[in-house]
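Structure first, commentary second.
Chains as they are written, first to last, in this note's numbering: chain A, 5 to 116; chain B, 16 to 129.
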């Protein structure tokens with residue numbers, strides 16, 4: 005069966021520090037991968053998606069970036085965090101041939 | 016503008032009672048609508064996916080309805096349990112830029128009290 009992992013689960017970082025969040029998927033190959041951010045009381049906002057290794061599409065201009073160095077690994081990064089980067093970050097995967105997206109457990113990021 | 020709006024924003028019910036959550040969408044063209052359950056601090060988990068031709072779909076105590084003409088969906092929870100306390104999110108995909116981008120509602124936060 006397929007599983008999706010995210011780490012860390014929680015993170016507190018000062019403004020201006022770098023960020024690296026990791027997401028890995030097991031039990032499937034060539035998944036579509038997604039990074040979302042969820043602010044309190046708001047719907048999930050798509051940040052990046054990837055349909056293959058090295059293929060990244062950005063939905064929202066910001067100081068975040070994403071990379072997919074391996075088929076089942078998706079990384080969200082920032083060189084300098086802003087206060088507004090605080091939120092709940094969710095990674096998701098999807099089989100290209102089906103509707104369903106499956107979400108990871110999320111990372112709670114607090115920028116202080 | 017392609018949007019998904021949910022009501023109420025929050026809801027409190029007593030254990031054992033029923034409730035209905037609403038979702039209105041303006042996404043077009045329409046292909047399917049999904050309901051997710053999100054426990055606090057966790058990722059959303061799919062409850063049901065409804066396609067254009069489906070009017071009603073059940074998953075245990077959860078029953079979703081869809082009216083594609085009025086662009087409305089509802090999620091009915093029967094005989095609520097404490098474990099039903101969560102946010103319920105309505106999601107509609109929109110085809111954009113060569114792929115289906117999910118449009119998320121802000122969710123309804125349900126609290127079931129004993």
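Think of the CB as a built atom: it goes at the ideal place given N, C-alpha and C, for glycine as much as any other residue.
Closest by CA to residue 82(B), which one among 31(B), 16(B), 41(B), 100(B)?
Counted from its first residue, the second chain places residue 82(B) at position 67. Residue 82(B) has its Cα closest to that of 41(B), out of 31(B), 16(B), 41(B), 100(B).
By the DSSP assignment, the beta strand (DSSP E) with residue 106(B) in it spans what residues?
Working through the second chain from its first residue, we reach residue 106(B) at position 91. Element bounds for residue 106(B): 101 to 111.
Is the beta carbon of residue 91(B) less than 8 Å from the beta carbon of residue 33(B)?
In the second chain, the residue the question calls residue 91(B) occupies position 76. In the second chain, the residue the question calls residue 33(B) occupies position 18. Contact flag set, yes.
Tell me the rounded alpha-carbon separation between residue 33(A) and residue 77(A).
For this step, residue 33(A) is matched to residue 29 along the first chain. For this step, residue 77(A) is matched to residue 73 along the first chain. Rounded to the nearest angstrom, the two C-alpha atoms are 11 Å apart.
Are the C-beta atoms of residue 6(A) and some chain B residue less than 8 Å apart?
Locating residue 6(A) in the first chain gives position 2, counting from the first residue. False, the Cβ-Cβ gap to chain B never drops below 8 Å.
Report the three-state DSSP secondary structure of residue 82(B) (helix, strand or coil).
On the second chain, position 67 is the one that residue 82(B) refers to. Looking at residue 82(B) - three-state DSSP - the assignment turns out to be strand.
Would you check if the distance between the CB atom of residue 121(B) and the CB atom of residue 53(B) is smaller than 8 Å?
For the purposes of this step, residue 121(B) is taken as the residue at position 106 of the second chain. For the purposes of this step, residue 53(B) is taken as the residue at position 38 of the second chain. The answer is no: Cβ separation not under 8 Å.
Do residue 73(A) and residue 10(A) come within 8 Å of each other at the CB atom, strictly closer than that value?
Along the first chain, read from residue 1 onward, the residue named residue 10(A) stands at position 6. Along the first chain, read from residue 1 onward, the residue named residue 73(A) stands at position 69. Their beta carbons are not under 8 Å apart, which means residue 10(A) does not touch residue 73(A) by this criterion.
Quick check: residue 81(A) and residue 71(A), are their CB atoms within less than 8 Å of each other?
Numbered from 1 along the first chain, position 77 holds the residue referred to as residue 81(A). Numbered from 1 along the first chain, position 67 holds the residue referred to as residue 71(A). For residue 81(A) and residue 71(A), yes; Cβs fall inside 8 Å.
Mapping DSSP to helix, strand and coil, what is residue 87(A)?
As a working note, residue 87(A) is residue 83 in the first chain. Three-state DSSP puts residue 87(A) in a helix.
Along the chain, where does the beta strand (DSSP E) that runs through residue 5(A) open and close?
By one-based count along the first chain, residue 5(A) stands at place 1. Unbroken run through residue 5(A): none, as it is neither H nor E.
Is it buried or exposed for residue 27(B), if we count other Cβ within 10 angstroms and need 16 for buried?
Locating residue 27(B) in the second chain gives position 12, where the first residue counts as 1. Classification for residue 27(B): exposed.
Enumerate, from N- to C-terminal direction, the unbroken alpha helix (DSSP H) stretches of 4 or more residues contained entirely within the stretch 12 to 100 of chain A.
Those alpha helix (DSSP H) runs which fall completely within the stretch 12 to 100 of chain A and span 4+ residues do not exist here.
With a cut-off of 8 Å on the beta carbons, I'd call residue 36(A) and residue 98(A) a contact; round off their distance for me.
Here residue 36(A) is taken as the residue at index 32 of the first chain, counted from 1. Here residue 98(A) is taken as the residue at index 94 of the first chain, counted from 1. Confirmed, Cβ separation roughly 4 Å.
Consult DSSP for residue 98(B) and reduce its assignment to one of helix, strand or coil.
Taking the second chain and counting its residues from 1, the one referred to as residue 98(B) is at position 83. Helix at residue 98(B).
Is the separation between the beta-carbon of residue 80(B) and that of residue 71(B) shorter than 8 Å?
Here residue 80(B) refers to the residue found at position 65 when the second chain is read from its first residue. Here residue 71(B) refers to the residue found at position 56 when the second chain is read from its first residue. For residue 80(B) and residue 71(B), yes; Cβs fall inside 8 Å.
Run through chain A and tell me which residues come within less than 7 Å of residue 57(B), C-beta to C-beta.
Translated into positions along the second chain, residue 57(B) becomes position 42. 109, 110, listed in chain order.
In chain B, what lies closer than 9 Å to residue 104(A) by C-beta?
Position 100 of the first chain holds residue 104(A). Near residue 104(A) (Cβ distances below 9 Å), the residues of chain B are 49, 61, 64.
Looking only at C-alpha atoms, which of 69(A), 102(A), 28(A) sits nearest to residue 41(A)?
On the first chain, residue 41(A) is found 37 positions in, with the first residue counted as 1. Residue 69(A) is the option with its Cα nearest to residue 41(A).
Please decide whether residue 81(B) counts as near chain A, where near means a Cβ-Cβ distance under 8 Å.
Indexing the second chain from 1 puts residue 81(B) at position 66. Not an interface residue.
Report the three-state DSSP secondary structure of residue 73(B) (helix, strand or coil).
Within the second chain, residue 73(B) is the residue found at index 58, counting from 1. Note: residue 73(B) maps to strand in three-state DSSP.
Give the single residue among 104(A), 106(A), 93(A), 88(A) whose Cα lies nearest to the Cα of residue 39(A).
One-based indexing of the first chain puts residue 39(A) at position 35. Per the Cα distances, 93(A).
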